[in-house]
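J.: Let me begin by handing over the structure; questions about it come next.
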Amino acid sequence: MSDVTEINKVDSGKATVTLEQVDVVNLINDMIDEVKQGYPVSAKISFTSEKQSLVLNSDKKLLRQVFINLINNAVKYTDPKKSIYISLEHQPDLTIFKVEDEGIGIPGEDFDTLFEPFMRSKNTGKIKGTGLGLSILKRAVDLLGGRVDFSSTLNVGSTFTVYLPNDISIIQEDEIKHEFNFL
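Just so we're aligned, residue 19 is where the sequence shown starts under the working numbering, counting upward by one.
Next up, the structure:
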């Protein structure tokens, strides 16, 4: 589905959360492989996880959007001679997914608008993109009841950290309907 279609679904209140058991370690490995196919020459990607298998009660499609957008951006904006570090940490109620790159970084003046649709940093130059990836990511994280943080230094790299509940079924349905205007 196109980026614009995904944004429109969320904006119109038609996005749904479908719960299932998802092994996020396998899903992240699949997303890394998928991104590598699109970038035959890319930065070295290192993925570490405390567990060989980690199952969350979550929405696989939304998780996929989170992982693919962060991994794709890290590869897209990092020189092939540099590295990308991906980690997954499990806590009792929370899973933390982190992508750290040695890429071009994000200018400080773009921080406040980074997750807005069609926003592209001024330093992206001729690197192709729609400016929708991080907006889709943020909306997916919100639907999953999580949060996303980032830090970045120009010409040094960026770190994006996503905090996701291990079981989103414990989130009150009324809260989700109210916050995301479902109905």
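In this text, a Cβ means the ideal position worked out from N, Cα and C, and glycines have one as well.
Remember, predicted model here, so these are calculated numbers, not experimental data.
Under three-state DSSP, which class holds Phe85?
T.: For this step, residue 85 is matched to residue 67 along the sequence shown. DSSP places Phe85 in helix when its eight states are reduced to three.
J.: Which residue wins for smallest C-alpha separation from Thr36, given the options Arg82, Gln109, Asn173 and Lys69?
T.: Within the sequence shown, numbered from 1, the residue matching residue 36 stands at position 18. Ranking Arg82, Gln109, Asn173 and Lys69 by Cα distance to Thr36 puts Arg82 first.
J.: Which parts of the region 159 to 184 are runs of the beta strand (DSSP E), unbroken and 3 residues or longer, counting only runs that do not cross its ends?
T.: The region 159 to 184 contains these whole beta strand (DSSP E) runs: 165 to 171 and 175 to 183.
J.: Where does Thr113 sit, in a helix, a strand or coil, going by DSSP?
T.: Indexing the sequence shown from 1 puts residue 113 at position 95. Note: Thr113 maps to strand in three-state DSSP.
J.: Just to confirm my understanding: we take Val40, look at its own chain, exclude 5 residues before and 5 after, and list those with CB closer than 7 Å. What are they?
T.: Within the sequence shown, residue 40 is the residue found at index 22, counting from 1. So the qualifying residues of the chain are Val73, Leu74, Ser76, Lys78 and Leu81.
J.: Start and end of the alpha helix (DSSP H) containing Glu52?
T.: Taking the first residue of the sequence shown as 1, we reach residue 52 at position 34. That run of the alpha helix (DSSP H) goes Val42 to Gly56.
J.: Report the rounded CA-to-CA distance for Pro98 versus Glu120, giving the unit in angstroms.
T.: What you label residue 98 is simply residue 80 of the sequence shown in a count that begins at 1. What you label residue 120 is simply residue 102 of the sequence shown in a count that begins at 1. Looking at the two C-alpha atoms, the distance is approximately 10 Å.
J.: Is DSSP giving Ser153 helix, strand or coil here?
T.: On the sequence shown, position 135 is the one that residue 153 refers to. The answer is helix: DSSP assigns Ser153 an H, G or I state.
J.: Thinking C-alpha only, which one of Asp130, Thr148, Ile124 and Lys146 is nearest Lys140?
T.: Sequence index remark: in the sequence shown, residue 140 carries index 122 (1-based). Ranking the options by Cα distance to Lys140, first place goes to Ile124.
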